[in-house]
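Undergrad: Start counting the sequence shown at 751; every next residue gets the next number (this note's numbering). C-beta: ideal position from N, C-alpha, C; glycine also. Could you have a look at this structure, given as structure tokens, before my questions?
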Amino acid sequence: MERRDFVGALGAVAGLVSGAAVRAQAADHDHGRAHGQDHGHDHGSASGHSDHPAPFAALKEASARCVSTGNDCLGHCFGMLSIKDTTMAACMRATYDLVHACTALETLAAVNSPHTRAMARAVADICAACETECAKFPEIAACRSCREACRTCTAECRKAV
Numbered sequence: 751m752e753r754r755d756f757v758g759a760l761g762a763v764a765g766l767v768s769g770a771a772v773r774a775q776a777a778d779h780d781h782g783r784a785h786g787q788d789h790g791h792d793h794g795s796a797s798g799h800s801d802h803p804a805p806f807a808a809l810k811e812a813s814a815r816c817v818s819t820g821n822d823c824l825g826h827c828f829g830m831l832s833i834k835d836t837t838m839a840a841c842m843r844a845t846y847d848l849v850h851a852c853t854a855l856e857t858l859a860a861v862n863s864p865h866t867r868a869m870a871r872a873v874a875d876i877c878a879a880c881e882t883e884c885a886k887f888p889e890i891a892a893c894r895s896c897r898e899a900c901r902t903c904t905a906e907c908r909k910a911v
């Protein structure tokens, strides 16, 4: 393995670990709600709907799907890298960028940030690049799923801007 591949893989692992920590914290917060613990703020009505408008709901969902399928794709790429097969290095790079950009977009969209549209412009390009890389591996289920999620997210990003 070349140093460059190792550094890229190390960065991807760091990103996955930090993303997992954030999700675990969010899950812990939701777990507390399920057991009647009040964190001092209102989570909306019992139906789970908020009284606040959600102009970026579809964008939030699409970016969340990209994060999920992207992590699956990265898992496959790491498996290939572990057997010293670097044929998916470009896919891994594109997917790494995708996961982190879509995580940021999902967060901005969730809070109706005024920066959501600007981030969506950038994410549309990142999703398109990832879709192109994933298209090179149609026989791999994780890549197919990621590609479809990228296609949907690109469309939602373009609608938002």
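Could you check the C-alpha separation between MET842 and ASP875 for me, to the nearest Å?
TA: Counting from 1 along the sequence shown, the entry for residue 842 is found at position 92. Counting from 1 along the sequence shown, the entry for residue 875 is found at position 125. Approximately 16 Å between the Cα atoms of the pair.
Undergrad: For the 8 Å Cβ check, are there 3 or more pairs between the region 892-903 and the region 811-828?
TA: yes
Undergrad: Any heavy atom of the ligand MN closer than 8 Å to the CB of GLY820?
TA: Annotation note on the ligand MN: not contained in the displayed structure, which lists no ligands.
Undergrad: Alpha carbon to alpha carbon, what distance is there between PRO803 and ALA879?
TA: Translated into the one-based positions of the sequence shown, residue 879 becomes position 129. Translated into the one-based positions of the sequence shown, residue 803 becomes position 53. If I take the Cα positions, the gap works out to 31 Å.
Undergrad: Suppose the cutoff is 6 Å on Cβ atoms and the five residues either side in sequence are ignored; what does the same chain contact list for THR902 look like?
TA: Start at 1 with the first residue of the sequence shown, and residue 902 comes out as number 152. If we look at THR902 and ignore the five residues flanking it on each side, its Cβ neighbours are ALA812.
Undergrad: Closest by CA to THR819, which one among THR904, ALA910, ALA891, THR882?
TA: Along the sequence shown, read from residue 1 onward, the residue named residue 819 stands at position 69. When each option's Cα is compared against that of THR819, the closest is ALA891.
Undergrad: Reducing DSSP to helix, strand and coil, say where HIS850 ends up.
TA: The residue given as residue 850 occupies position 100 in the sequence shown. In the structure shown, HIS850 sits in a helix (DSSP, three-state: H, G or I).
Undergrad: Would a C-beta distance cut-off of 9 Å place LEU809 and LEU855 closer than the cut-off?
TA: On the sequence shown, position 59 is the one that residue 809 refers to. On the sequence shown, position 105 is the one that residue 855 refers to. Cβ atoms of LEU809 and LEU855: closer than 9 Å.
Undergrad: Please report the distance separating the alpha-carbon of GLU887 from that of PHE806.
TA: In the sequence shown, residue 887 corresponds to position 137, counting from 1. In the sequence shown, residue 806 corresponds to position 56, counting from 1. Checking the sequence shown, residue 887 turns out to be Phe, not Glu. Distance between the alpha carbons of PHE887 and PHE806 is about 31 Å.
Undergrad: Can you give me the start and stop residues for the alpha helix (DSSP H) that ASP835 sits inside?
TA: For the purposes of this step, residue 835 is taken as residue 85 along the sequence shown, with counting starting at 1. Where ASP835 is concerned, there is no enclosing alpha helix (DSSP H), given that its DSSP letter is neither H nor E.
Undergrad: If you reduce the DSSP assignment to three classes, tell me which class PHE806 lands in.
TA: Position 56 of the sequence shown, counted from the first residue, corresponds to residue 806. Coil, per DSSP.
Undergrad: On the three-state DSSP scale, how would you describe ASN821?
TA: Counting from 1 along the sequence shown, the entry for residue 821 is found at position 71. The answer is helix: DSSP assigns ASN821 an H, G or I state.
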